[in-house]
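Asks: 1 is the number of the first residue of the sequence shown in the working numbering; add one for each residue after it. Got a structure for you, questions after.
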Amino acid sequence: MGCGSAAYLNSLKRYGWEVTGIDLSPEAARAAKEHFDIDVFVGEVRIEVKTR
Numbered sequence: 001m002g003c004g005s006a007a008y009l010n011s012l013k014r015y016g017w018e019v020t021g022i023d024l025s026p027e028a029a030r031a032a033k034e035h036f037d038i039d040v041f042v043g044e045v046r047i048e049v050k051t052r
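Next comes the structure, spelled out in structure tokens:
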């Protein structure tokens, strides 16, 4: 799941968590860095789910 503007990550950061995000949007990553100083990687995560 992408982090979007990173508002949720920023809430965690304020509680002392070390946060990093991922999103498909380069604009969202840029906004997260500019507004909250949070690093967001641009890309996707794929997880293989095995069938039974």
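Every residue, glycine too, gets a C-beta built ideally from N, C-alpha and C. None of these values were measured; they are calculated from a predicted model.
Going by DSSP, which residues form a beta bridge with residue 63?
Replies: Since the first residue shown for the chain is 1 and the last is 52, residue 63 is missing from the structure and cannot be characterised.
Asks: When the distance is taken between beta carbons, is residue 21 closer than 8 Å to residue 38?
Replies: Here residue 38 corresponds to residue number 38 of the sequence shown, with the count starting at 1. Here residue 21 corresponds to residue number 21 of the sequence shown, with the count starting at 1. Yes, Cβ-Cβ distance for residue 38 and residue 21 is below 8 Å.
Asks: Alpha carbons only, please: which of 52, 13, 25, 51 is nearest the one belonging to residue 2?
Replies: In the sequence shown, the residue the question calls residue 2 occupies position 2. Per the Cα distances, 25.
Asks: To the nearest angstrom, report how far apart residue 42 and residue 14 are at their CA atoms.
Replies: Translated into positions along the sequence shown, residue 42 becomes position 42. Translated into positions along the sequence shown, residue 14 becomes position 14. Cα to Cα, residue 42 sits roughly 23 Å from residue 14.
Asks: Which residues in the same chain have their Cβ closer than 7 Å to the Cβ of residue 31, if we skip the five residues on either side of it in sequence?
Replies: Sequence index remark: in the sequence shown, residue 31 carries index 31 (1-based). Taken in chain order, the residues that qualify are 5.
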